[in-house]
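Following: one structure in structure tokens, then a few remarks.
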Amino acid sequence: MLNHVPHLSVRPVRAFTDNYIWLISAPRAPDQLVAVDPGDAAPVIAELQRSGAGLAGILLTHHHLDHIGGVADLVRRWDVPVIGPEDPRIAHCTRRMHDGEHCELPELGLSFEILAVPGHTLSHIAFWGHGALFCGDTLFSAGCGRMFEGTPVQMDASLTKLRNLPPDTRMYCGHEYTAANLRFALTVDPANSAALEHQAKVADIRAAGNPSLPSTMGLERRINPFLRCDNLAVVKAAELHAGKSLEETADVFGVLRAWKDQFR
Ligand SMILES: [Zn+2]
Numbered sequence: 104m105l106n107h108v109p110h111l112s113v114r115p116v117r118a119f120t121d122n123y124i125w126l127i128s129a130p131r132a133p134d135q136l137v138a139v140d141p142g143d144a145a146p147v148i149a150e151l152q153r154s155g156a157g158l159a160g161i162l163l164t165h166h167h168l169d170h171i172g173g174v175a176d177l178v179r180r181w182d183v184p185v186i187g188p189e190d191p192r193i194a195h196c197t198r199r200m201h202d203g204e205h206c207e208l209p210e211l212g213l214s215f216e217i218l219a220v221p222g223h224t225l226s227h228i229a230f231w232g233h234g235a236l237f238c239g240d241t242l243f244s245a246g247c248g249r250m251f252e253g254t255p256v257q258m259d260a261s262l263t264k265l266r267n268l269p270p271d272t273r274m275y276c277g278h279e280y281t282a283a284n285l286r287f288a289l290t291v292d293p294a295n296s297a298a299l300e301h302q303a304k305v306a307d308i309r310a311a312g313n314p315s316l317p318s319t320m321g322l323e324r325r326i327n328p329f330l331r332c333d334n335l336a337v338v339k340a341a342e343l344h345a346g347k348s349l350e351e352t353a354d355v356f357g358v359l360r361a362w363k364d365q366f367r
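Residues in the sequence shown are numbered consecutively from 104, following this note's numbering.
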């Protein structure tokens, strides 16, 4: 039922060069914030002090330091639940979550379904609820994370799971990579009018110094080549790049991911 609390209020905190730490206002306690992937404590503490809000919880998508590095400092100041995946590489976790489980914070009015999304890392999870998706480094706007630990079959399945979420789902990912991702997306799929249109919009948004996020799953389905591995133009481009025919969508995904790794 909590899942139907609409319109989460979410604000970004910038960290490092291009990370976003998302701060969710608790629907039942608007002066309480939940931090998603606080890689650095300092900008979170600064925002809490600026806004006069308290920290009420921490959600973690995966073990990379730029997503968890601030947790130790934050839990020293605030004794709050720290919710993340089952992974010994993540310290300070008070609740370990698995695929299909529900992460409930009833006193805050928050409830998320946990989606296991292996690929970028093997234990990576995403939090989905209230029409919002917090997906760390699995999915980016117009792109996806590097495949550090998983296989193309695993990561393609993870992205397909996210692609099937409702189109109005607002997607909050961990990095501001949209403009560079769109350059690659349009190299793969140059006639994609939605991607062209979005590229112009993102250029304006970024020139004004604003985040290109959140995106929506509906938009991502149209512009993100990694969610379009069954699209004829994308398949053809991947086959041309690989110099062979590709039977499965995971094969198309694998070629696109390796192509993007080399793309400048
Ligand atoms: Zn990462």
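We treat Cβ as the ideally placed atom computed from N, Cα and C, and that holds for glycine.
With a beta-carbon spacing of about 23 Å, Cys332 and Asp271 fall beyond the 8 Å limit used to define contacts.
If you look at Asp134, you'll find it in the beta strand (DSSP E) that goes 132-139.
Spanning the alpha carbons of Ala175 and Leu285 requires a straight line of approximately 35 Å. Counting only unbroken stretches of 3 or more residues, the beta strand (DSSP E) elements lying wholly within the region 167-242 are 185-188, 198-200, 205-208, 213-219, 228-232, 235-237, in sequence order. In this structure, ligand 1 has a non-hydrogen atom nearer than 6 Å to the beta-carbon of Asp240. When Cβ pairs closer than 8 Å are counted between the two stretches, the region 223-233 is seen not to touch the region 312-321, the count staying below three. Proximity of the beta carbon of His167 to ligand 1 is indicated: a heavy atom of the ligand is located closer than 6 Å.
Here the alpha carbon of Ile148 sits roughly 20 Å from the alpha carbon of Ala194. Exclusion of the five residues before and after Gly172 leaves Gly142, Asp143 as the residues of its chain whose Cβ lies within less than 7 Å of its Cβ. The straight-line gap separating the alpha-carbon atoms of His201 and Leu163 is approximately 12 Å. In this structure, DSSP gives Asn122 an extended state, which the three-state scheme calls strand. Residue pairing by DSSP places His278 opposite Asn122 in a beta bridge. For Lys363, same chain residues with a beta-carbon under 6 Å away, outside a window of 5 residues either side, are Phe287 in chain order. Ranked by how close their Cα comes to the Cα of Ala235, the residues Gln365, Phe251, Arg249, Ile217 have Ile217 in first place. Fewer than three beta-carbon pairs drawn from the region 263-278 and the region 339-350 are found closer than 8 Å, and the two stretches are therefore not classed as touching. One Cα belongs to Ala138, the other to Thr281, and the distance between them is close to 22 Å.
In its chain, beyond the 5 residues on either side, Gln135 have a beta carbon closer than 6 Å to the beta carbon of Gly157.
Around the C-beta of Arg131, fewer than 16 other C-beta atoms lie within 10 Å, and the residue is accordingly described as exposed. The closest CA to that of Arg249, considering only Arg114, Gly277, His233, is found on Gly277.
Under the DSSP assignment, Leu349 falls outside any alpha helix (DSSP H); it carries neither an H nor an E label.
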